[in-house]
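Asks:
Numbering (UniProt numbering), first residue to last: 1 to 184.
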């Protein structure tokens with residue numbers, strides 16, 4: 001499998017991330033930039049730097065997991081959402097850019113770690129269990145295509161469109177000459 005490739009690349013990606021985090025923290029720590037006028041954004045700015053310091057510390061200690069990266073991403077999204085809800089300041093773009101930069105810094109090691117921690121056998125068993133649950137609960141109806149469409153959460157049903165097109169094609173096109181409801 002490709003696991004050995006991910007194993008080889010992960011240490012280098014982690015080292016790059018740690019270096020970039022150091023630069024990020026040094027460049028954007030509240031002491032290095034002009035203070036933000038908006039108190040909410042100033043607090044969020046401080047929180048972003050603290051999250052990046054925590055990530056750097058955990059990475060140095062070898063405690064990073066894909067779950068940690070997922071939680072870090074969620075926390076950053078919550079902070080950004082909070083910033084949009086509580087502030088209308090022009091400094092909002094600065095905080096948004098900080099979040100984007102931090103997400104970009106952690107992206108590669110996060111994806112590599114996700115690949116390394118992925119267990120195809122466990123995934124297959126979960127998939128089988130979900131399939132069995134669907135069959136037992138009679139969730140899977142005899143009309144498999146409609147079941148798949150509903151499970152994918154598609155709002156429009158392409159099968160309905162196909163049926164209506166076939167019906168339309170069998171009647172022929174509606175033109176002013178063939179349409180009885182056309183006004184004279």
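In this text, a Cβ means the ideal position worked out from N, Cα and C, and glycines have one as well.
Computed from a prediction, not measured in an experiment: that's the story for all the values here.
Taking the runs of the alpha helix (DSSP H) that are 4 residues or longer, which of them lie wholly in the stretch 80-152?
Replies: 92-117, 120-136 and 144-152
Asks: Apply the 10 Å Cβ neighbour rule to residue 124 and answer buried if 16 or more other Cβ atoms are within range, or exposed otherwise.
Replies: Working through the chain shown from its first residue, we reach residue 124 at position 124. Burial call: exposed.
Asks: Would you mind stating whether residue 9 and residue 112 have Cβ atoms separated by less than 7 Å?
Replies: Taking the first residue of the chain shown as position 1, residue 9 is located at position 9. Taking the first residue of the chain shown as position 1, residue 112 is located at position 112. Cβ atoms of residue 9 and residue 112: closer than 7 Å.
Asks: Starting from the C-beta of residue 38, find all residues in its chain whose C-beta is less than 6 Å away, skip the five residues before and the five after it, and write them out in chain order.
Replies: For the purposes of this step, residue 38 is identified with residue 38 of the chain shown, where counting begins at 1. The beta carbon of residue 38 sits closer than 6 Å to the beta carbons of 87, 89 and 91 from its chain, once the five residues preceding and following it are set aside; these are given in chain order.
Asks: Does the Cβ-Cβ distance between residue 26 and residue 95 come in under 7 Å?
Replies: By one-based count along the chain shown, residue 26 stands at place 26. By one-based count along the chain shown, residue 95 stands at place 95. Going by C-beta atoms, residue 26 is not nearer than 7 Å to residue 95.
Asks: If residue 52 sits next to residue 102, beta carbons under 8 Å apart, how far is it from one beta carbon to the other, in whole angstroms?
Replies: Numbered from its first residue, the chain shown carries residue 52 at position 52. Numbered from its first residue, the chain shown carries residue 102 at position 102. 6 Å between Cβ atoms; contact.
Asks: With DSSP as the reference, label residue 31 as helix, strand or coil.
Replies: Numbered from its first residue, the chain shown carries residue 31 at position 31. If DSSP states are grouped into helix, strand and coil, residue 31 belongs with coil.
Asks: If we count the other Cβ atoms within 10 Å of its Cβ and call it buried at 16 or more, is residue 80 buried or exposed?
Replies: What you label residue 80 is simply residue 80 of the chain shown in a count that begins at 1. Flag for residue 80 reads buried.
Asks: Have a look at 150, 135, 118 and 132 and flag the residue whose alpha-carbon is nearest the alpha-carbon of residue 3.
Replies: Within the chain shown, numbered from 1, the residue matching residue 3 stands at position 3. Selected option, being the one with the closest Cα: 118.
Asks: Does the beta-carbon distance from residue 76 to residue 28 come in below 7 Å?
Replies: The count along the chain shown starts at 1 and reaches residue 76 at position 76. The count along the chain shown starts at 1 and reaches residue 28 at position 28. In this structure, residue 76 sits away from residue 28, with a CB-CB distance that is not shorter than 7 Å.
Asks: Consult DSSP for residue 38 and reduce its assignment to one of helix, strand or coil.
Replies: Here residue 38 refers to the residue found at position 38 when the chain shown is read from its first residue. Of the three classes helix, strand and coil, the one that applies to residue 38 here is coil, per DSSP.
Asks: By the 10 Å Cβ neighbour count, where 16 or more other Cβ atoms means buried, how is residue 104 classified, buried or exposed?
Replies: Taking the first residue of the chain shown as position 1, residue 104 is located at position 104. Counting Cβ neighbours within 10 Å, residue 104 comes out exposed, since fewer than 16 surround it.
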